[in-house]
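A quick write-up on the structure given underneath.
Residue numbers (the UniProt record's numbering): 1 to 312.
Structural data, given as C-alpha cells:
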C-alpha cells in the first residue's frame with residue numbers, strides 16, 4: 001500500500017507539516033517527535049512524492065523513460081509522442097534502454113532513484129516480472145503490458161491481425177500466409193499468432209505460417225518457407241518483418257498482396273498498395289504522459305487504457 005504524508009501524520013498524531021520537516025531533516029523538530037515519525041516511516045517503507053514537491057517548488061520534474069530498443073521503429077513513434085508531450089509540460093526526460101532484459105530494468109530503477117527521477121514510463125514489450133516493476137515506488141506507467149494496480153497503456157494485438165485478415169478475406173484472398181514473431185514475445189508474437197490461427201479456424205482457411213526473430217533479415221531468410229504452398233496474400237506481424245518480405249518478393253519474383261501491422265514510412269513509399277493498420281503507437285505515447293501527469297499532480301488512480309487500431 002502506498003501512503004500519503006497526511007496518513008503518516010494521522011498515524012503519528014502530528015501535523016502534516018511536522019512529517020514534512022522530518023522528511024526534510026529540519027533540525028528544529030524535537031528529537032522525540034522525529035524518532036516517533038521516523039519509526040513509522042521506516043516501518044511502512046514510506047517514500048515521499050518527490051514529484052509533487054518538485055512541482056510545488058517550481059522545479060522541473062524529471063521522468064525516466066525505459067525503452068526496449070532505441071532503434072525500434074514502433075517504440076520510436078511512441079517515444080516521439082512522449083518527448084513532445086513532456087516538453088509541453090516542461091518536464092525533463094531521461095531515456096535508457098532495457099534491451100529486453102529484466103535486470104536492466106532493475107538497474108535503471110536504481111539509477112533513477114540516485115538521480116532523484118520523479119516518475120517513470122516503462123516499455124514492457126517482453127516478459128517482465130511484477131516484483132521488479134513494483135520496485136519503483138513512484139508514479140509509473142507501463143506501455144504494452146498490464147499489471148495489477150499499475151497504470152498501463154496496452155495495444156489490441158488480436159484486433160490488429162483480425163482487421164488485416166478480415167480485409168484480405170473481403171477482397172477475396174483465401175491463401176493467406178502469416179509471417180510472425182516467435183512465441184517468446186508474448187504480445188507482438190504470441191497474441192498476434194493466436195489471432196491469425198483463430199481467424200483461419202473460424203473461416204476454414206488452411207494455416208500457413210512461420211515464426212521468426214524480430215528483424216527484417218530474419219524475415220527475409222525465412223520467407224521462402226511460406227511459399228512451399230500457394231500464397232496470394234501475406235500478413236506480417238510488424239513493418240520490420242514486411243521489409244524483409246519485400247526484399248524476398250523483389251529477389252524471388254513472387255507476387256502477392258502484402259499486409260502488416262503499424263505505420264512504416266519507407267514501406268508506404270515502397271509498397272503503396274500494401275494494407276496496413278495504425279497500431280496507435282503515437283497515441284499511446286500521448287496517453288502515457290497524460291496518465292503520468294495525473295499521478296504527478298497527486299491524483300491516485302489505476303487505469304488500463306486500450307489503444308484502438310485504425311486503418312492507415
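Glycine is no exception: its CB is placed at the ideal position from the N, C-alpha and C atoms.
The structure displayed is predicted, hence computed values, not measured ones.
Original post:
Considering residue 64, what are the terminal residues of the beta strand (DSSP E) in which it resides?
Top reply: Sequence index remark: in the chain shown, residue 64 carries index 64 (1-based). It spans 62–67 - the beta strand (DSSP E) in which residue 64 sits, taken as one unbroken run.
**OP:** Assign residue 269 to buried or exposed, taking buried as 16 or more other Cβ atoms, counted over all protein chains shown, within 10 Å of its Cβ.
**Re:** Within the chain shown, the letter at position 269 stands for residue 269. So residue 269 ends up on the exposed side.
**OP:** Buried or exposed for residue 204, please, with buried defined as at least 16 other CB atoms from any protein chain shown within 10 angstroms of its CB.
**Re:** Within the chain shown, residue 204 is the residue found at index 204, counting from 1. By the 10 Å Cβ count, residue 204 comes out exposed.
Original post:
Grouping DSSP H, G and I as helix and E and B as strand, with all else coil, what is residue 98?
Top reply: Counted from its first residue, the chain shown places residue 98 at position 98. Of the three classes helix, strand and coil, the one that applies to residue 98 here is coil, per DSSP.
**OP:** Measuring only between beta-carbons, confirm whether residue 117 sits less than 8 Å from chain C.
**Re:** Looking for chain C here will not work: only one protein chain is present.
Original post:
Excluding the five sequence neighbours on either side, which residues of its own chain have a C-beta within less than 6 Å of the C-beta of residue 212, listed in chain order?
Top reply: Residue 212 sits at position 212 when you count from the first residue of the chain shown. Closer than 6 Å at Cβ, skipping near neighbours: 218, 219, 222.
Original post:
In this structure, does DSSP put residue 198 in helix, strand or coil?
Top reply: Here residue 198 corresponds to residue number 198 of the chain shown, with the count starting at 1. Residue state, collapsed to three classes: helix.
**OP:** Report back the beta-carbon spacing between residue 133 and residue 142 to the nearest angstrom; my notes put them in contact at under 8 Å.
**Re:** Walking along the chain shown from the start, residue 133 turns up at place 133. Walking along the chain shown from the start, residue 142 turns up at place 142. Confirmed, Cβ separation roughly 7 Å.
Original post:
The alpha helix (DSSP H) spanning residue 283 covers which residue range?
Top reply: On the chain shown, residue 283 is found 283 positions in, with the first residue counted as 1. That run of the alpha helix (DSSP H) goes 281–296.
Subject >> Contact under 8 Å by Cβ, residue 66 with residue 117 >> reply: By 1-based counting over the chain shown, the position of residue 66 is 66. By 1-based counting over the chain shown, the position of residue 117 is 117. No, these two residues do not count as a Cβ contact at 8 Å.
Subject >> Where residue 91 falls: helix, strand or coil (DSSP) >> reply: Numbered from its first residue, the chain shown carries residue 91 at position 91. Three-state result, residue 91: coil.
Original post:
Between residue 78 and the rest of its own chain, which residues show a CB-CB distance below 6 Å, the 5 nearest in sequence each way excluded?
Top reply: Working through the chain shown from its first residue, we reach residue 78 at position 78. Around residue 78: 281, 284, 285.
Original post:
For residue 274 versus residue 259, is the C-beta distance shorter than 8 Å?
Top reply: For this step, residue 274 is matched to residue 274 along the chain shown. For this step, residue 259 is matched to residue 259 along the chain shown. Yes, these two residues count as a Cβ contact at 8 Å.
Original post:
Would you call residue 92 buried or exposed, if buried means 16 or more other Cβ atoms sit within 10 Å of its Cβ?
Top reply: One-based indexing of the chain shown puts residue 92 at position 92. That one is exposed.
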